[in-house]
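Listed in order, the protein sequences are those of chains A and B.
Residue numbers 1 to 114, in the numbering used here, belong to the letters of the first sequence in order.
Residue numbers 1001 to 1114, in the numbering used here, belong to the letters of the second sequence in order.
Below is one structure; the comments refer to it alone.
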Amino acid sequence: QQQVKQSPQSLIVQKGGISIINCAYENTAFDYFPWYQQFPGKGPALLIAIRPDVSEKKEGRFTISFNKSAKQFSLHIMDSQPGDSATYFCAASLDGTSYGKLTFGQGTILTVHP
Amino acid sequence: DVKVTQSSRYLVKRTGEKVFLECVQDMDHENMFWYRQDPGLGLRLIYFSYDVKMKEKGDIPEGYSVSREKKERFSLILESASTNQTSMYLCASSFSGLRNTEAFFGQGTRLTVV
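Pasting the structure below:
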């Protein structure tokens, strides 16, 4: 079963535009929601993460918006750059009892055209 | 700087072979994970370990086993490789605690079973 659903599968954006990737989760007990960025030939690396006590978290051009009642969260990349072209994964986890296990979404391939 | 190192970038094995994928981390992390990455499916957890000699099944453990004899090393074993195990395998590690922390990934091993 896919507990975290991610969309779209692929996204093409022009340089300077806004990239938006959405995720929905099923398990209401999840309380840690990271986004990972993966470049070709590399392993995923943590980009930004949020916990449900806040509705938004911003780090530079990257923002997570979190809607607990809808069980959805999204990644916004402002002023998208060609260097942002990568695969993005949302994930969800349970603090404390899960030993850091992550449940990942299906991934979004982002292409930013110059 | 945290480093998770996987022993091989690329492997080609024959159907029925026993395959060992090795992973070493240098940050004294308690938790270690093996994920499988397939297009359109994201990352799926095969096995994880939260301590030496301790292991737990993930979401897709069938056909795999693991070994953790030392804290820094976590091995994934394909008992009898099959073509449907052709995939990218990612090892990760993280600290253990009440709140989940960043998982650090290796660069991945692309396994082809012929």
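Cβ atoms here follow ideal geometry from the backbone N, Cα and C, with glycine treated the same way.
Inter-residue spacing [alpha-carbon to alpha-carbon] between residue i and residue j
i	j	result
Asp-53 of chain A	Gln-1006 of chain B	36 Å
Ser-1067 of chain B	Leu-1090 of chain B	15 Å
Gln-3 of chain A	Lys-1018 of chain B	32 Å
Lys-15 of chain A	Ile-109 of chain A	15 Å
Lys-1013 of chain B	Arg-1044 of chain B	22 Å
Gly-1108 of chain B	Gly-60 of chain A	28 Å
Tyr-1035 of chain B	Phe-1095 of chain B	17 Å
Gln-1025 of chain B	Arg-1009 of chain B	16 Å
Gln-1037 of chain B	Ser-1087 of chain B	6 Å
Glu-1072 of chain B	His-1029 of chain B	7 Å
Pro-1061 of chain B	Lys-57 of chain A	35 Å
Gly-1016 of chain B	Ile-20 of chain A	43 Å
Ser-10 of chain A	Thr-111 of chain A	8 Å
Thr-97 of chain A	Leu-1098 of chain B	8 Å
8 Å Cβ cutoff, residue i in contact with chain B
i	result
Ser-93 of chain A	yes
Leu-110 of chain A	no
Gln-37 of chain A	no
Phe-104 of chain A	yes
Contact set for residue i: own chain, Cβ-Cβ below 6 Å, skip 5 residues either direction
i	result
Phe-33 of chain A	Ile-50, Phe-73 and Ala-92
Val-1022 of chain B	Per the sequence presented here, residue 1022 of chain B reads as Glu, with Val not at that position. If we look at Glu-1022 of chain B and ignore the five residues flanking it on each side, its Cβ neighbours are Ser-1007 and Ser-1075.
Met-1032 of chain B	Ser-1049, Phe-1074 and Ser-1093
Ser-7 of chain A	Asn-22
Spatial neighbours of residue i in its chain, beta-carbon cut-off 8 Å, leaving aside the 5 residues before and after
i	result
Gly-1139 of chain B	Not covered by the structure: residue 1139 of chain B. The range shown for chain B is 1001 to 1114.
Met-1054 of chain B	Arg-1068
Val-1052 of chain B	Arg-1068, Glu-1069, Lys-1070 and Lys-1071
Closer than 8 Å to chain A by CB, residue i
i	result
Phe-1048 of chain B	yes
Gln-1025 of chain B	no
Gly-1016 of chain B	no
Phe-1074 of chain B	no
Gly-1108 of chain B	yes
Phe-1105 of chain B	yes
Listed by chain order, chain B residues near residue i by CB distance under 7 Å
i	result
Tyr-99 of chain A	Asn-1031, Phe-1048, Tyr-1050 and Ser-1096
Phe-89 of chain A	Gly-1042 and Leu-1043
Leu-47 of chain A	In chain order: nothing, as chain B lies at least about 10 Å away.
Within chain B, partners of residue i - CB distance below 8 Å
i	result
Tyr-32 of chain A	Arg-1099 and Asn-1100
Gln-9 of chain A	Gly-1040
Under 8 Å from the C-beta of residue i: neighbouring residues of chain A
i	result
Leu-1090 of chain B	Gly-43 and Pro-44
Cut-off 7 Å between Cβ atoms - residues of its own chain near residue i, not counting five sequence neighbours on either side
i	result
Lys-68 of chain A	Pro-52
Ala-29 of chain A	Leu-94
Gly-1058 of chain B	Leu-1045, Ile-1046, Tyr-1047 and Phe-1048
9 Å Cβ cut-off: residues of chain B touching residue i
i	result
Gly-134 of chain A	Residue 134 of chain A lies beyond the residue range present for chain A, which begins at 1 and ends at 114; the question has no answer from this structure.
Gly-107 of chain A	Gln-1037, Pro-1039, Gly-1040, Leu-1041, Gly-1042 and Leu-1043
Can you give, in chain order, each stretch of the alpha helix (DSSP H) that sits fully within the region 51-99 of chain A and has at least 4 residues?
-> none
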